[in-house]
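Working notes for the structure below.
Number of protein chains: 2
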Amino acid sequence: MRSFLPMKQALESDFTPPVEALSPKNFQVVEVESIDLFVRIAQFIGFPKSFGEIYGLLFTASEPLSLDDICERLNMSKGSASQGLKALRGVHAVKTTYVPGDRRDRFELEGNIRLLMQGFLQERLEPGIRDLGVRIESLSSKVNALQNGEKKRYNERLGKLRNWHKQAQKIMPAMERLLGG
Amino acid sequence: MRSFLPMKQALESDFTPPVEALSPKNFQVVEVESIDLFVRIAQFIGFPKSFGEIYGLLFTASEPLSLDDICERLNMSKGSASQGLKALRGVHAVKTTYVPGDRRDRFELEGNIRLLMQGFLQERLEPGIRDLGVRIESLSSKVNALQNGEKKRYNERLGKLRNWHKQAQKIMPAMERLLGG
DNA sequence: TATTTTGTTCAAAAAATATTGAACAAAATA
DNA sequence: TATTTTGTTCAATATTTTTTGAACAAAATA
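Protein chains in written order, with our numbering: chain A, 1 to 181; chain B, 182 to 362.
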């Protein structure tokens, strides 16, 4: 893996007290740990590692970064960065920003983690739950064509499953309110 | 893929009315659809497909199945079935049952989907959330060593993240109650 | 005890998924 | 308009994950 952060921050002020002179190094540590954190979150919600890296880098950035910045700092191909940014923009986790005097796109976080979670909840979890409902109902109707014994056994199990699915649907709004609001 | 269900059910009764004579075929359809359903659920919570297949097959089974039964009906290797069953037993989704006159292990579902979810919530989601907390706190402490400007910017973002994490922790018990209870 | 049956483990193969990089198109500049 | 810069797409490659199957150990049977 390549170096993570340039010396920019250190060079921006003329004077810093001794303990703060260590800042660039500390900043690198913090940056690496931030990226690591978001890589975990990404993997947790089923995104590839690279998406987490990009998000983590933007989390630490003090200004919007260009595609090239991202590739360079994360040692990642342009293709990956482009795809990752596209996906992250898709879930409203990242937005494009105009920076005067630079004709390249610049990227920064859009809102906070809640927005990212909202995307996940609404575009992955919710449809998933809905799909389960469709499948359970389809199964239920087909079970009616079975022999009595089989039908009874199935319906018992399906009933519990249907019940559980209802609960899952019931808790969704609360999750969206608390985590995605 | 191989045939899914033997003719057993059809052969168990001497007479069935015309419409029910179709039962074996219907049963196969239902079985395939059940397995499909649980494959989705498995993939949803990050288990391999084969785990879902096993669970789905056991969901449809009228009696505890042996390892060989499972391999045969799902056209799956012994190794896969063994590993899948081990994992499913680990999350209390499947249990071993003694069947007189058969020295092979027999497997059946343990409780309903709630138990499986409980396993997922307690053994995956909860530790994941806890790990995030640890990482966020580690980051927070390291941010204190940064320069003032950086520190301020970071703490703003970290504050929101910490806040979000608290909400996530808060909603866990409700999820466990509704989905895993 | 020797043989068979049963289930587990793990290295290797296969499958699924993510990443790369070169070709391309679109937009900006010369 | 020709050239350069920028970002996207997608086939090829690399990586990760899952599955297989043969070797093994444990338990049951002969």
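All residues carry an ideal CB built from backbone N, CA and C; glycine is no exception.
Could you tell me whether any Cβ in chain B is nearer than 9 Å to the Cβ of residue i?
i, result
"Y154(A)", "yes"
"Q167(A)", "yes"
"E150(A)", "yes"
"V99(A)", "no"
"F107(A)", "no"
"K170(A)", "yes"
"G46(A)", "yes"
"A93(A)", "no"
"S62(A)", "yes"
"A174(A)", "yes"
"F59(A)", "yes"
"E33(A)", "yes"
"R135(A)", "yes"
"K49(A)", "no"
"L146(A)", "yes"
"R40(A)", "yes"
"L65(A)", "no"
"L85(A)", "no"
"L179(A)", "yes"
"L161(A)", "yes"
"L121(A)", "no"
So what's residue i in DSSP terms, helix, strand or just coil?
i, result
"L327(B)", "coil"
"G181(A)", "coil"
"G233(B)", "helix"
"I216(B)", "helix"
"F225(B)", "helix"
"A21(A)", "For A21(A), the predicted model reports a pLDDT of 44, less than 50, meaning its position is unreliable; a value from the coordinates is still stated below. DSSP places A21(A) in helix when its eight states are reduced to three."
Is there a C-beta anywhere in chain A that falls below 9 Å from the one on residue i?
i, result
"R311(B)", "no"
"D249(B)", "no"
"R284(B)", "no"
"L203(B)", "Confidence is the limiting factor: at L203(B) the pLDDT is only 46, short of 50, which leaves the residue's position unreliable and the question unanswerable from this model."
"G233(B)", "no"
"R270(B)", "no"
"F208(B)", "yes"
"S258(B)", "no"
"A262(B)", "no"
"R338(B)", "yes"
"F254(B)", "The amino acid occupying residue 254(B) in the given sequence is Arg; Phe does not appear at that position. No, its Cβ sits nowhere closer than 9 Å to a Cβ of chain A."
"L320(B)", "yes"
Who are the Cβ neighbours of residue i in its own chain at under 7 Å, not counting the five residues just before and after it?
i, result
"I41(A)", "G52"
"M177(B)", "The requested residue 177(B) does not occur in the structure, where chain B is confined to residues 182 to 362."
"L203(B)", "Any reading at L203(B) needs caution, since the residue's pLDDT is 46, under 50, leaving its predicted position unreliable; the model's value is listed next. Nothing listed; no residue qualifies."
"G314(B)", "H346"
"G159(A)", "none"
"L327(B)", "Y335"
Beta-carbon within less than 6 Å of residue i's beta-carbon, same chain only, minus the 5 sequence neighbours each way: which residues are those?
i, result
"R390(B)", "Residue 390(B) falls outside the range modelled here, since chain B spans only 182 to 362, and no answer is possible."
"G361(B)", "R295, M298, Q299 and L302"
"S215(B)", "G237, F240 and T241"
"H273(B)", "E291, L296 and G300"
"G271(B)", "none"
"I226(B)", "F301"
Ordered along the chain, which non-local residues of its own chain (more than five positions away) have a Cβ less than 8 Å from that of residue i?
i, result
"R285(B)", "S247, L248 and D249"
"K49(A)", "V39, A42 and Q43"
Going by the C-beta, is residue i closer than 8 Å to any heavy atom of the ligand COA?
i, result
"F51(A)", "Here there are no bound small molecules, and the ligand COA is not part of this structure."
Checklist entry - What alpha helix (DSSP H) runs, 4 residues minimum, are completely inside the stretch 56-104 of chain A? => result 67-74 and 78-90
Item to check | Minimum length 3: unbroken beta strand (DSSP E) runs contained in the stretch 105-178 of chain A | outcome: For the stretch 105-178 of chain A, the full-length beta strand (DSSP E) segments reaching 3 residues or more read 106-109 along the chain.
Checklist entry - Are three or more beta carbon pairs between the stretch 304-324 of chain B and the stretch 119-139 of chain A nearer than 8 Å? => result no
Next on the checklist: Three Cβ pairs or more, each shorter than 8 Å: is that satisfied between the stretch 258-267 of chain B and the stretch 294-311 of chain B?
Outcome noted: no
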